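*Asks:* Numbering (UniProt numbering), first residue to last: 1 to 261. Even glycine gets a Cβ: it sits at the ideal position worked out from N, Cα and C. Please read these numbers as outputs of a predicted model, since none were measured by experiment.
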DNA sequence: ATTCTTACA
DNA sequence: TGTAAGTA
């Protein structure tokens with residue numbers, strides 16, 4: 001039995017692919033101890049340690065080209081700096097993942113709330129949190145809703161695909177699109193916390209939304225609920241995944257109730 | 001049977 | 001990075 005390992009044996013030992021070992025060689029960071037007359041790469045204990053070192057750096061997301069420099073010339077202090085940078089990145093990743101986990105949980109909650117709403121949808125009184133919004137696009141011009149105008153109006157620092165669009169219809173007929181204000185952004189409209197009459201609906205064509213709003217207003221009138229007349233329709237494009245491309249709206253009507261705070 | 005090189009998505 | 005072809 002030979003004391004040196006073939007590439008497949010080394011790959012198995014270190015839990016990496018054969019391809020990756022050859023890739024490291026191509027990048028000039030891991031050479032075989034020797035190659036036999038059959039041109040097979042053979043690896044010894046020294047290469048195992050070196051590969052360990054490489055894999056550690058790679059796990060810290062050091063690119064192969066940087067690993068080459070590190071292996072050649074890094075001093076202890078350089079590694080300390082590198083590890084500190086890594087921690088910064090790792091913590092950023094943790095934050096990003098926690099946000100993603102939160103958003104994903106929200107998605108499931110919204111899905112649950114959606115299933116709870118009947119078909120045809122119920123009108124229900126729900127308590128909603130305070131929302132601070134920034135004016136995005138004035139609505140009356142429906143021509144503003146083509147792809148290019150969206151690009152022209154693209155909000156900074158906002159991922160459109162997970163943005164809740166607030167279509168706000170004022171009692172006086174004014175209509176505009178709002179999005180959640182970013183911290184430090186302009187607060188153009190504040191929806192106070194309180195009781196809202198809420199109706200959820202998935203619609204395929206634009207004018208169905210108006211009909212749903214009429215339903216909600218009609219219900220409020222029939223039951224004798226008082227409100228300011230401002231209607232907010234929250235469009236959540238990401239909810240379409242549950243419903244074959246239909247757009248999901250949550251229509252909200254702020255109620256002026258005694259004890260509604 | 002295994003590895004090597006090269007090419008490609 | 002993984003996968004495939006064609007060799008040695």
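Exposed or buried, residue 79, counting other C-beta atoms within 10 Å across all chains shown (16 or more means buried)?
*Replies:* With fewer than 16 Cβ atoms within 10 Å of its Cβ, residue 79 is classed as exposed.
*Asks:* What residue does the alpha helix (DSSP H) around residue 104 start on, and which one ends it?
*Replies:* From DSSP, the alpha helix (DSSP H) with residue 104 extends over 76–116.
*Asks:* Taking 8 Å as the cut-off, does the stretch 109–126 touch the stretch 161–170 (at least 3 CB pairs, one atom from each stretch)?
*Replies:* Touching, no, given that fewer than three Cβ pairs across the two stretches are closer than 8 Å.
*Asks:* At the level of alpha carbons, what is the spacing between residue 88 and residue 56?
*Replies:* Roughly 17 Å between the two C-alpha positions.
*Asks:* Comparing alpha-carbon positions, which option in 39, 68, 40 lies nearest residue 53?
*Replies:* For residue 53, the nearest C-alpha among the options comes from 68.
*Asks:* Contact defined as beta carbons within less than 8 Å: I believe residue 227 pairs with residue 240. What is the distance between those atoms, to the nearest angstrom?
*Replies:* Not quite, the Cβ-Cβ distance comes to about 29 Å (not below 8 Å), so this is no contact.
*Asks:* Applying the 10 Å Cβ sphere with the 16-neighbour rule, what's the burial state of residue 103?
*Replies:* When all chains shown are included, residue 103 counts as exposed.
*Asks:* Rounded to a whole number of angstroms, what is the C-alpha to C-alpha distance between residue 95 and residue 86?
*Replies:* The straight-line gap from Cα to Cα measures roughly 14 Å.
*Asks:* Using 10 angstroms around the beta-carbon of residue 199, count the other beta-carbons present and answer buried if the total reaches 16, otherwise exposed.
*Replies:* The residue in question, residue 199, is buried, as its Cβ has 16 or more Cβ neighbours within 10 Å.
*Asks:* Who pairs with residue 196 in a beta bridge, going by DSSP?
*Replies:* Note: residue 196 sits in a beta bridge opposite 126, 254.
*Asks:* Looking at the strands, I want to know which residues DSSP matches up with residue 235.
*Replies:* Paired residues: 165, 249.
*Asks:* Quick one: which unbroken alpha helix (DSSP H) runs of 4-plus residues sit fully inside the stretch 173–223? Chain order, please.
*Replies:* Here the runs fully enclosed are 207–223.
*Asks:* Scan the stretch 15–48 and note each continuous beta strand (DSSP E) run of 3 residues or more that stays entirely inside, going in chain order.
*Replies:* The qualifying runs are 41–43.
*Asks:* For the 8 Å Cβ check, are there 3 or more pairs between the stretch 186–198 and the stretch 130–138?
*Replies:* Segments in contact, yes.
*Asks:* Are the CB atoms of residue 181 and residue 187 nearer to each other than 7 Å?
*Replies:* Yes, Cβ-Cβ distance for residue 181 and residue 187 is below 7 Å.
*Asks:* Starting from residue 152, trace the alpha helix (DSSP H) in both directions and tell me its first and last residue.
*Replies:* It spans 147–152 - the alpha helix (DSSP H) in which residue 152 sits, taken as one unbroken run.
*Asks:* Pull up the CB-CB distance for residue 30 and residue 47, whole angstroms please, since I reckon it's below 8 Å.
*Replies:* With 8 Å as the limit, residue 30 and residue 47 qualify as a contact, their Cβ atoms being about 7 Å apart.
*Asks:* Could you pull the start and end residues of the alpha helix (DSSP H) that residue 71 belongs to?
*Replies:* First-last of the alpha helix (DSSP H) with residue 71: 64–73.
*Asks:* What three-state label does DSSP hand residue 56 in the structure shown?
*Replies:* In the structure shown, residue 56 sits in a helix (DSSP, three-state: H, G or I).
*Asks:* So which of 23, 41, 24 has the shortest CA-CA distance to residue 5?
*Replies:* Ranking 23, 41, 24 by Cα distance to residue 5 puts 41 first.
*Asks:* Please tell me whether residue 263 and residue 165 are closer than 7 Å, where the distance is taken between their beta carbons.
*Replies:* In the structure as shown, the chain begins at 1 and stops at 261. Residue 263 is therefore absent and cannot be evaluated.
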